[in-house]
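Going by our numbering, the first residue of the sequence shown is number 1, and it counts up by one from there. By construction, the Cβ of each residue, glycine as well, lies at the ideal position given by its N, Cα and C atoms. Single-structure report; data block below.
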Amino acid sequence: MTVLDKSSKDGLNTPYFLINEQALINNLEKAKQLKEISGAKLVLALKCFSTWGTFDTIKPYLDGTTSSGPYEVRLGHEKFGGETHAYSVGYSDADIEAVKPLSDKIIFNSLSQLNYHYQQCKDDASLGLRINPEMSVAGQDLANPARPYSRLGVKQSLLDLSVTDKVDGFMFHMNCENKDVDAFIKVLDHISITFAAYLDKLSWLSLGGGIFFTYPGYPIEKLGLALKAFSEKHDLQVYLEPGEAIITRTADLVVSVIDIVENEKQTAIVDSATEAHRLDTLIYNEPASVKEASEDGQFPYVIGSCSCLAGDQFCETQFAQPLQIGQKLHLLDSAGYTMVKLNWFNGLKMPSIYFEKVDGQIEVLNEFGYEDFKGTLGR
Ligand SMILES: Cc1ncc(COP(=O)(O)O)c(C=O)c1O
């Protein structure tokens, strides 16, 4: 791997992601504290962050990985180790053949999937079933697993106790960026009461991701004690599947101003696009924050993307000084659900991925070129 001296930082060519190891460790220390208080095991949700060049930093703190598709299972097994949990909304026969030698747990999304694949994998892994608790703390309907007609997980009315002859565990996932510990505890109490008869027969239970325990001021001890009491009450090994909580505020997407155009508002066009490099900005309509912006700045700009999509912009913000062509801007908090969703729309230059280590050296995790673009579309 190429390692650059810290003096090269200012000269890196945009666009690029810069992941900060110290910030990652700060989050991981909170995860460690939560594990110690609660006794829960934590598996990294690869759907959120799979940049495996950072895994040596993360591994000592977490127990393994969880996944949403066969390639994530393989990556978790190969590059992270520890426990590998496989979950998928739908496994084909080929998927099960691929994941079963690699997985410690295989979690099914429906009773039909469990029954269909049961014989094929019952001796290879501990099996689990995703349950829809019909209660959630998720800001947007698009990301709410308990939304009406949800296809994610089995409702209680479809279950009977015989399911525990086939599975050792249940998985619930019903939070999205939930910063409110009391709201989480309400859902936990609901699960504890509603599913008590099942829980007492299971040996493990995953409560999914979406609990924002690394958010500044989050009461980790209260969460930890609630999880501990729950796991003791039902005699279960509890798992959490954090994604965003582990990598929040650890990476910037660094871009350059390419042009400034005016149409009633000033738009700074940068060498990146939400649609290609920061997709959730667009999908969830959540504007990016820019490090160089100033709350009371007198120079407002739209930070516009380089793609052809008319509404593709990172945010509107203001600066203390007019922006200059060539100036770098840091789009903050760009680690989660970004690098895993990168695409080549418009043939834009793919952001490089750099890892700034605690000692200031910069590991080059990847840099991309035309051949990578071409190679995704044919050989
Ligand atoms: C089943 C499951 N587990 C874990 C996660 C990770 O959630 P987060 O990144 O919000 O912690 C998700 C996110 O969608 C999920 O669907």
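Per-residue DSSP class, three states only, for residue i
| i | result |
| --- | --- |
| Lys32 | helix |
| Leu161 | helix |
| Lys265 | strand |
| Ile246 | helix |
| Gln298 | coil |
| Ala94 | helix |
| Tyr118 | helix |
| Thr214 | coil |
| Leu12 | coil |
| Trp204 | strand |
| Phe319 | strand |
| Phe314 | strand |
| Ala293 | coil |
| Lys47 | coil |
| Tyr71 | helix |
| Thr66 | strand |
| Tyr284 | coil |
| Lys233 | helix |
| Lys404 | The shown model of the chain, from 1 to 379, leaves out residue 404, and the question about it has no answer. |
| Ala146 | coil |
| Glu241 | coil |
| Glu363 | strand |
| Gly304 | strand |
| Leu348 | coil |
| Ser334 | coil |
| Lys79 | helix |
| Tyr198 | helix |
| Gly375 | helix |
| Gly224 | helix |
Among the options, nearest to residue i - alpha-carbon criterion
| i | options | result |
| --- | --- | --- |
| Ala273 | Asp124, Gly297, Gln313 | Gln313 |
| Asp10 | Ala268, Ser256, Ile25 | Ser256 |
| Gly153 | Ser206, Phe184, Val254, Pro300 | Ser206 |
| Ser307 | Leu142, Thr214, Arg278 | Arg278 |
| Ile381 | Arg379, Ile258, Ile247 | This structure cannot speak to residue 381, because the chain is shown only from 1 to 379. |
| Ser8 | Gly378, Leu377, Phe355 | Phe355 |
| Glu21 | Thr267, Thr250, Asn346 | Thr250 |
| Ser352 | Val358, Val364, Phe345 | Val364 |
| Lys30 | Leu12, Leu223, Ser92 | Leu223 |
| Met1 | Ser110, Thr54, Lys35 | Thr54 |
| Thr194 | Leu202, Phe184, Gln140, Gln156 | Gln156 |
| Thr267 | Ala276, Glu244, Gln324 | Gln324 |
| Lys32 | Leu129, Lys6, Lys59, Ile19 | Lys59 |
| Ser92 | Thr66, Cys121, Leu75 | Cys121 |
| Gly210 | Ala183, Gly217, Thr376 | Ala183 |
| Asp168 | Gln140, Ile185, Leu127, Leu159 | Leu127 |
According to DSSP, residues forming a beta bridge with residue i
| i | result |
| --- | --- |
| Ile19 | Ala251, Phe355 |
| Arg130 | Met171 |
| Asp189 | BP columns for Asp189 are empty, so no partner. |
| Lys105 | His85, Ser126 |
| Ser256 | Lys328 |
| Lys41 | Tyr239 |
| Val3 | Glu363 |
| Leu137 | It is Val, not Leu, that sits at residue 137 in the sequence shown. Note: Val137 sits in a beta bridge opposite Asn175. |
| Val154 | Ile131 |
| Val383 | With the chain represented from 1 up to 379, any question about residue 383 goes unanswered, as that position is not in the structure. |
Proximal residues to residue i (C-beta, below 6 Å), its chain only, five neighbours per side dropped
| i | result |
| --- | --- |
| Ile131 | Gly153, Val154, Phe170, Phe172 |
| Ala40 | Leu227, Val238, Leu240 |
| Tyr118 | Lys166 |
| Glu72 | Leu46 |
| Ile96 | His117, Gln120, Cys121 |
| Leu28 | Tyr61 |
| Phe108 | Leu114, Leu129 |
Other residues of its chain near residue i: CB distance less than 7 Å, five sequence neighbours each side excluded
| i | result |
| --- | --- |
| Thr14 | Val254, Val255, Ser256, Asp271, Lys328 |
| Val187 | Pro133, Met135, Val137, Met174 |
| Glu292 | Phe319, Leu329, His330 |
| Asp280 | Glu286, Tyr337 |
| Leu236 | Leu199, Leu202, Ser203, Trp204, Leu205 |
| Ala146 | Asn132, Pro133, Glu134, Met135, Ser136, Met174 |
| Arg379 | none |
| Ser68 | Lys47, Tyr87, Ser88 |
| Asn343 | Ala276 |
| Tyr149 | none |
Own chain residues within Cβ distance below 8 Å of residue i, not counting five before or after
| i | result |
| --- | --- |
| Ala197 | Leu161 |
| Pro101 | Asp124 |
| Gln361 | Val3, Leu4, Asp5, Lys6 |
Margin query: Count Cβ pairs between the segment 124-137 and the segment 159-174 that sit closer than 8 Å; are there 3 or more?
Written below: yes
Note to self: Check whether the segment 221-236 and the segment 289-302 touch, using three or more Cβ-Cβ pairs below 8 Å as the test.
What the structure shows: no
Margin query: If contact is defined by three or more beta carbon pairs under 8 Å, each pair taking one atom from either stretch, is the segment 316-327 in contact with the segment 285-299?
Written below: yes
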